Structure formats: structure tokens, C-alpha cells
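Those protein sequence lines, which keep their order, are chains A and B. Once you know that position 268 of the first sequence is 268 in my numbering, the rest is easy, because the numbers rise by one and skip nothing. Count along the second sequence from 1, then add 1000; that gives the number in my numbering. Note that the Cβ used here is the ideal one computed from N, Cα and C, for glycine as well. Since the structure is predicted, the reported quantities are computational estimates derived from the model, not experimental observations.
Number of protein chains: 2
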Amino acid sequence: MHGLMMNYQLTLTSLFERAGRLFPTKEIATKMPDGAMHRYTYADLYARTHRLAHVLKKLGVARGDRVGTLCWNSYRHLELYWATPCSGAVLHTLNLRLTSDQLAYIINHAGDRVIFVDSSLLPLLDPIRDRIPCVERIVVLDGDGPEDYEALVAAAPAAKYPWPELDENEASATCYTSGTTGNPKGVLYSHRAMYLHSMALASVDSFAISERDTLLMVIPMFHANAWGLPHAAVMNGARIVFGGRQIQPRDLAELIQGEGATLTAGVPTLWMGLYALLEQEKYDISSLRTIVAAGSALPRQFVVDFERKHGVRISLAWGMTETTPIATFMQSRSDCEGLPEDEYFDVRSRHGLPVPGVDLRVVDGEGREVANDGIAMGELQVRGPWVTSGYLSDPDNAVGSRKAASFADGWFRTGDVATIDRFGYIQIMDRTKDLVKSGGEWISSVDLENALMGHPKVAEAAVIAVNHPKWMERPLALVAPLERFRDSITKDELIEFLSDKVAKWQLPDDVVFVDAVPKTSVGKFNKRALREKFRDYVLPAGR
Amino acid sequence: MHGLMMNYQLTLTSLFERAGRLFPTKEIATKMPDGAMHRYTYADLYARTHRLAHVLKKLGVARGDRVGTLCWNSYRHLELYWATPCSGAVLHTLNLRLTSDQLAYIINHAGDRVIFVDSSLLPLLDPIRDRIPCVERIVVLDGDGPEDYEALVAAAPAAKYPWPELDENEASATCYTSGTTGNPKGVLYSHRAMYLHSMALASVDSFAISERDTLLMVIPMFHANAWGLPHAAVMNGARIVFGGRQIQPRDLAELIQGEGATLTAGVPTLWMGLYALLEQEKYDISSLRTIVAAGSALPRQFVVDFERKHGVRISLAWGMTETTPIATFMQSRSDCEGLPEDEYFDVRSRHGLPVPGVDLRVVDGEGREVANDGIAMGELQVRGPWVTSGYLSDPDNAVGSRKAASFADGWFRTGDVATIDRFGYIQIMDRTKDLVKSGGEWISSVDLENALMGHPKVAEAAVIAVNHPKWMERPLALVAPLERFRDSITKDELIEFLSDKVAKWQLPDDVVFVDAVPKTSVGKFNKRALREKFRDYVLPAGR
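Dropping the structure here:
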């Protein structure tokens, strides 16, 4: 027996039209390359996005076609975020940190018909223009020619674009995973997934994004849908400030203070940099209610210090390209509020509860759920309406397939190793492949890295497994000291520092000092490169 | 081109399992008829609900079958709220303020197979037992016999009930409209509608219900799904306090103070009564963050006074049985915060913005949207995934039917008359049929009532249209004074009081003093009864 409720499709179009109707006077600001702030309103966004949809049609973009963007964060990129899916096409955000070869692979794999590009990024496309035959048109966002973005938008009809009536399961966007192994894989989002994800970000035990927020948007819009924030912010009428290109700690501090940001989000290195700056110089960041950190581990010390010194809560979140991406969020439970301070911050440094809509489990090698004791580790698996069921053009690795490497019993296998505590909070301990398997025991490289990065002389630390004749694998620490301590830091003081933080058998067998830890295209530690480099490293004898 | 996202159904089952997993230690308290508090945990709710599902199966309840409840608010009713839909059956909450005849009609119309009933309400069923042949079984919630609720639950298997895999469009519950005209009409909710509605109540610009809330639940659970709060509260892990039966202002004050309620919601008369009590006696209600008022109009003065005197925000919401029910919520926008105080409270007394998921328009007689000026009135129409598409066994009045009285172009016609202001806030002015059509102009009876109820000597006021030889209709005010002013209140002082609040031509032509305004089964002013009673009333000459 079916209910008698309207068959109303969950599409981004309805969220966009809501924003245009309710929030015309709200502001969207963008820090431009010359440092000036470009400001316009939701009414401008609304009108220009409708015009842009006319442009897409004129360029021959049809329902289901892929439209690439190779762009920095800006109001124009936001217009593409809405016009593309609402007009029935599929937004393909291209990571500008990829090499030209990698770009050629994913552009061809996705079959992009048009690419919108910032002029400064044209050099990335130039070498591959003749290797991406699917691309019929390249439109420059900030060019001043008659075929560039602004000219096309200006020439488009001013009349509202007649949005097609979409099925909620139609594709809205695609992102490729950064591909630490093998070729990048395409995740294909639906309108339904993005609609529900936007609702989840507005829920009060999640990002709680609201009309009263000023969102400082610094996550690159080419990175996992910018965590869904562009859609959630517009749907709820938040004021938006795009932080511009190549954001440095000083940019963050100036924008938070100058624009009165209440909410911002990004990878941990941003907030570690901001913290270091605030140690040296005075900025008022008291307008912030929350900083969300995700993408890699954040040493506990920063959660403590931001809250104690600056009164700003850092909330960790966790997700993946395959989960649209937000799957968990750290919101303090009422029953954690009375904990002793040390335990409170232990909890606050975890990755939180699954947001409503996401089911989550942590399972051992036999598929049994591990104990909720905050100690037992297992693989984190998730399912839900905004979790991927497979990858573009890869029918073998799909939720229904028996050969699928990424799925088990209807769950997506994240490849992350996690614990789950008595409150239900998960803590990501490592990537499965980054665990150090020492004898029969697992050592979390992330745990060691976080502990090392809590040392006052350390800027960055990465831990990898290297082969060991007796234990199979042992941890090796690569440490980048803060510049002023380059000549004074020693291996012994680091091992000594760790010795009351981890068990003795978990201590790294050696420490190698480096200038910086190599990063992937989305700013994570590139452990694959490190493993490659230190493949034949010989650990000192003794253990 | 479809997205590659999991085909994960939006069912109440997934929300319930989430709560059982994440919040086992959270409390649910119920004020029992003897005044004592019954307390148990989500773990108890979880285990007993699974047992109750076994009971339903044993009673022969199959997928799609209707299960009636004729119950006060309590933890047992909450168990029925979850076990029934999660097991695939349809929860039919019966309004205990209906007459036995009305109950017989809706029980037969819905075809209830089992009815769960509080022993104190058995006398309502006794006279109609032989007129409801569809009902195979009546189970007493608080009886101590072997066939009563507790014995059945105790005898059920302790093993988790194997919930069926439901399609999200399957029916989850039904409520009948109170039927101010004609027979009651059955609205049939789906799992999808209730899931999305629950997500909407958790959004920060709506009820913002969270794990950190203590919800004082006083809306009757037989009234429009108790506004969706039982589902939203459990999904998010809020502490819940059921306020018991026949709630009086003193009960409210004691429970808010004693249990530290942070959120409560109900019809305006509750809060007007609470306000009056707080004028006489001292209670600490500072734990409250929000009182939500809906169901009928709330005089602006109470919004002002609660906020100024008690620091507690009253937020109006609006919805109908046909909208699951929440469709709008009053959340102050950032761009209203700088308004002069008088204008600020004008705004705060409106019914808010549509919650994300609900589309809303206000249209004139020709179907054109009225100006967003806060003055032009029109019929409020809504659509969305939790808006009804029709009524049980009434194919002519459905969204697709050309003969449908309740639908226009895919929109549900609410029968409410509203304005919409420059911020997008709607204000419900009246029911279409309660408007006073004076000459060519409309007079809002609700506006006059609210103004009258702001007079210090007035307890209740209702305004109805009576026939007029020249103007067709003119307003007549029925006023119930506060008891201590019964002998001192005069018509002239009320008209004088109104004269700077409404236009002169809108002033009532006469005032009749009554002991109390008659109410419907859900506590609204029964204007149909008043119109009937004063059908032949002769207004004084002079206009």
C-alpha cells in the first residue's frame, strides 16, 4: 500500500529556485586575483545562472552531457555549480593540481563536451588539446573576448531558463578520486544524493549551516563537491565569501576578521597554519562559531588550543569522494559535556557520529563488527542514499557485483581503518594500506604522525611501513621540522617525546628529517611516493 | 543518465535503527496519570519496539494493514509510533476528542484491524464496538490482563524483529482531518514523506532539534503526527519528556522547570495559559531555547512578552494534516535583526519561511502570485515531497484530477488566506471561509481576534461574518473576558482599543460577550458552530 504523497522529485533545481525566491538580497563575495573583493547578491547569482543555462544550451550541451570546470573558487564557478545540473547536464570538476596527463585521462574517461577554464589554468590544457577530442569547446571564465564567459552570459536571453523536469536519480555531477592506486575512478552523483546531502549539512548536529552564517569558502571547488557546501549554503541562504586562490594563513585570518565569517571548513594544514600565524600576530577570529576540519588527520593539540586560546571549536568530519562527501561530523553529545577535560578533548578530536542518512559499521577481517571500545580497529564501511554504488564505466566494481573490490554485502568499503567508542564516535586510524603490520599487531601511522606533530619543533610528520626481517614491517618516521629548529632537532628527543604517548613496541624504528612531506593533488601526505622512495631503506638494527 | 548512488530507501526503519545504535543511554520520561514520572532509556524503547513488532505479527497484522491508536501521550504510544510503520503496517492515530460516531466513521473508513487503547478511553469505543466489524482486536495499553499490552510485549520473543525491506513510498501512517466541513478525510503518509520531514525538523533554520535537546512533548500524539516530533526527536537522540494528560499551565511550568526542557511546541492557548500563570507565580523556564506555536493564531503580544520578560523565543510555525504537518517555520533572518523593535516583533509574529523541501505560493482568484508586500492577501498553496496528493478512497479529489477541489496545477490548495512580505515570510490571515467579505474588501477575522486578545481584560475572542443588508457581510466579535473582568468590560472600550490597530471600516459592528469560545476536537475555535449560532443575528444599525 503506497502513501498518497506528492511525487515531488528531490532535485537541485528546487533548492536553487528556493534560494532565488527567498534570499535575493544576500551577498556572495569573492576575493579576486588582484586582491579586490567582488561582491554581488543572490539575485545576481540567480539571474546569471539562468543566463548561463541558456549559454549551455547554445553550446549544444544536452541532458546528461558532461561539462568540465578547471577553475579556482569564485562566483562564476558557483554559477556553473548550479546551471550545469539544473539544466540536466553533469558537472565535472577538474582538479587543477593534476598533471596534464592525468587531466587528459579523466576528461576523456568522463567524455566532457565543454570545459570552462580560468585563464591562468589554460597552460594545463594546452599540451593536451589534441588528446581530448571529446571536448568541442573551451570557454575562458575571465577572458574578455566575444567567445568568453562574460560575453556569452551577457548575450544570453534575460528570460528565465525553462529548467527541465528532472528525475531525482539523474546524474548531477561527477568527481574523480585522486587515485592513490591505479587510474582515477569516476564517482557519479545524482540530484537526489546532493539534495539529501544538502539537507544533512543543514541539520543542527552536523554543519548546521543556516541563513545567519557567513561561510568562508576555502575548500577548493574541484575537491569532492567542495564538501557539498556550495549547494547547502545557497539552499539555506547563507552569506558566502570565496577566499580566492593559493590561500595562505594570513588570507584566512584577514578574511575571517574582515568579513565576520561564522563558519569555515578545510583540510587540517590550513588550520595548523592559521594557528601558527595567530601565535605571532593578532587577529580577531571571534566571529567564528565552528571550523570544520577533514581530509586528513588533525593533531589533537590543535583542537585543544583553538578552543582554549581562541574559543573556537574545531569539529572533525569525515567523508570521501564516494560519499558526496560528508558521512560523519563531530558534534559534542550532551552526555560528553561532563567528562574530565582530558577525556573531553580525546572525544572532541574524534571524527564524530554518522550524520542522519548514513549507516556506518566497523568490521574486522571476518566481517564482524568490532567492539565499541575505542580500541578495536576495523575497516569502516558505509551505506546510504549519498554513498556510491560503483564507478563510471566500471561494472565489475559495483555494489551488486560479486567481484566488486569496493563493496561487501551492500556496504561501501572505505579502505579506512577506524575505531568506534562507547558514544558511537568513530576515529579514523589509518588507511588500510598505510597501517604498519608489525608481527601480528597493527600500528596506526596516523596516530604516530599526530603525536609527532604535537611536538613543538615539528611542522609535518609522516609515518610509513618499511620491511623488517623479523617483524615483517616496522614504522619509519619522516619529519619536517619547523624552519627555526632545523639544526637543533634530534631523533632521540622525538622518540623520548613519543614514549609516554604510544606503547613501546609502536615507537618508530627510525626518524629521517626532510624539508617537507610530499603532498597529493588534494593536499594529503603522499605516502605512496614515500613508500616508493624508502622501499629499500634499511632500519637500524636493535629491535 | 542516472547517477551511480546506492538505491537506499528513505524509511523510518533506518532512522529507528540509527537511534537504537547511537543513543541507548538517552532518557524518555512520561508523566503518568498518578503524577509519577516513568523513566526509561532509548535502549528500552528499542528493545520493546522490536518486541511490539513481534506482537503485531502475532495479532495477524500484515504489511499495509491499518493499526489504530486511541491513546494519550506516553512511551507506549511512542513504541506504537515506530513498531507499526517499521513492521510495514500503517499507524492510524485516532483523535480522542472525537465523538463515538465520528470515531466509528474513520475506523471503518480506514479499515483498522487492531486498535490499541488506553483503558480510560475504552468508554469511547464501547458504544460502537458492533459498528466497527473491521476491528478484530482491541488491546488495552495499561491493562494488566494476559491479553493486554504489557503481557503481550513480555511474551514476545526478545530477538530483534526482522524488519521488512520497505519501499520508501509505502504507507507509514494515516491521519484524518478534523473535517470542519463534510466528513473527515484521510491523509496517507509515506515513509519517504516522514523521513524527509524528520530531516527538515532537524535543520537549524527550522525546529533545530538535536541530541542536546530535552523536548517537552505536549502536542497530542493523535494530532497530525504530533507535528513529526516523535520521529524527529528519536532520530536525533533528543531526550524526551511526555507531559501526560489534560495538560494545564501549571503542569507545563513544573515540567519545563523540573526537567530542564529546552524545546516545546503546541497550540497557542497553551502558551497564553503559561504566560498568565507566570504573571501570578514564579517558575524558572530559562532552560527553554524555543517555544513553537502553531495550529491557530497567536496574538503578537505574547511573542513580545515571552521574549522581553522571560527571554524565551516563541516561533510560529504553520502546517496542516495534509503537510505531514510542518510547512513553514519562523526563524529570524539575519537581515531582520537590525529592524526597529516594533517592526522586528511584527516580523517575529509571522509564520515564517517555507522549510527546505516545501514550495509555497500565495495566489489571487486568478491564480496569479500576489505582491510580496505583506498586505496583499491570497490563497496559500504548497507542494513538496511531504504534501498530500489526495485522500484515502477519494480519487476525484487528487492532484491529477481535473475535478479536484483541493488541488490546482500540481499545488495543494490549503484553504488558508495569507500575505507574504518582502523577506518571504508568510502570515496566515484567515481560513478562506472565515474571511469577512465586506463590500468588495476582505477583513481578516484572525487579525481582529489577535488584536482583541491583546486587550488586558480579554481571555478569548472570535470574529465571524454575519449577513449585512448593504455590505453583504460585516464582522461580529464574540469575546470571553478574563473572569475578574466579567462585570467591568464594555463594548465601547474594546472598539476604542481596536481603533488605532485596524482600519475604521474593519472595526466589528458589534461585540457579544460569552463565557468561552467553543473549540473543535483539536482545540481550535469552532467558527462553524458560531456561525450556526449567530446566523440570524441582527447587527445594530448605523453603518
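- By the criterion of at least three beta-carbon pairs nearer than 8 Å, the segment 353-368 of chain A is not in contact with the segment 444-464 of chain A.
- The same chain holds no residue with a CB closer than 6 Å to that of G1311 (chain B) once the five nearest residues on each side in sequence are set aside.
- For A193 (chain A), the enclosing alpha helix (DSSP H) begins and ends at H191 to A202.
- Residue contact check for T1041 (chain B) against chain A: no CB pair falls below 9 Å.
- With contacts defined by Cβ atoms closer than 9 Å, G1020 (chain B) and Y1046 (chain B) form a contacting pair.
- As the crow flies, the alpha-carbon of S521 (chain A) is around 18 Å from that of K533 (chain A).
- F534 (chain A) carries a coil assignment under DSSP once its states are collapsed to helix, strand and coil.
- When Cβ-Cβ separations below 9 Å define contact, R348 (chain A) makes no contact with chain B.
- Taking all protein chains in view, the Cβ of H54 (chain A) is crowded by 16 or more other Cβ atoms within 10 Å, so the residue is classified as buried.
- Counting every other CB atom within 10 Å of its CB across the protein chains shown gives A462 (chain A) a total of 16 or more, marking it as buried.
- Proximity of the segment 1365-1383 of chain B to the segment 1223-1230 of chain B falls short of the contact definition, fewer than three beta-carbon pairs being nearer than 8 Å.
- Contact note: E211 (chain A) reaches chain B through D1205, Q1331, R1333 and S1334, using a C-beta cutoff of 8 Å and chain order.
- Interface flag for M199 (chain A) against chain B is set, since a Cβ pair is found closer than 9 Å.
- The Cβ atoms of R76 (chain A) and L166 (chain A) do not sit closer than 9 Å to each other.
- Counting only residues of its own chain and dropping the five nearest sequence neighbours on each side, L1188 (chain B) has a CB closer than 7 Å to the CB of A1171, T1174 and L1392.
- Contact annotation: K1501 (chain B) and A1451 (chain B) have beta-carbon atoms nearer than 9 Å.
- A distance below 9 Å separates the beta carbons of M1005 (chain B) and A193 (chain A).
- Taking the beta carbon of W1386 (chain B) as reference, the chain A residues within 7 Å of it are M5, listed in sequence order.
- For V90 (chain A), the nearest CB of chain B lies under 9 Å from its own CB, placing it at the interface with that chain.
- At least one C-beta of chain B is nearer than 9 Å to the C-beta of N169 (chain A).
- Assigned with DSSP and collapsed to three states, I1115 (chain B) falls in strand.
- L52 (chain A) has its alpha-carbon roughly 7 Å from the corresponding atom of E79 (chain A).
- Close to chain B, meaning a Cβ-Cβ distance shorter than 7 Å, are the following residues of the segment 41-67 of chain A: G64.
- Residue-level contact by beta carbon holds for S14 (chain A) and chain B, with a gap shorter than 9 Å.
- Following the DSSP letters along the chain, one finds P123 (chain A) inside the alpha helix (DSSP H) bounded by residues L122 to L125.
- Sequence-distant Cβ neighbours of R63 (chain A) in its own chain, meaning closer than 6 Å and more than five residues away, are G88.
- Beta-bridge analysis with DSSP links R1239 (chain B) to B:T1214.
- Exposure of V1538 (chain B) is indicated by the presence of fewer than 16 other C-beta atoms within 10 angstroms of its C-beta.
- Residues of the segment 217-244 of chain A with a C-beta less than 8 Å from any C-beta of chain B: M235, N236, G237 and R239, listed in chain order.
- Residues L1476, K1527, L1530 and R1531 of the same chain have their beta carbon placed closer than 6 Å to that of I1464 (chain B), with the five preceding and five following residues left out of the count.
- With its beta carbon less than 9 Å from one in chain B, Y391 (chain A) belongs to the interface.
- Taking 8 Å as the cut-off between beta carbons, the residues of the segment 1352-1364 of chain B near chain A are L1353, P1354, P1356, G1357 and D1359, in sequence order.
- Using beta-carbon distances, E136 (chain A) does not count as an interface residue toward chain B, since no partner is under 9 Å.
- Taking C-beta separations shorter than 6 Å and ignoring five residues to either side along the sequence, the partners of G439 (chain A) in its chain run W471, following chain order.
- Under the rule that a run must span 4 or more residues, the alpha helix (DSSP H) segments found entirely inside the segment 1240-1271 of chain B read 1249-1259.
- Restricting attention to B:L1091, B:G1060, B:V1061 and B:K1058, the CA atom closest to the CA of L1070 (chain B) is found in B:L1091.
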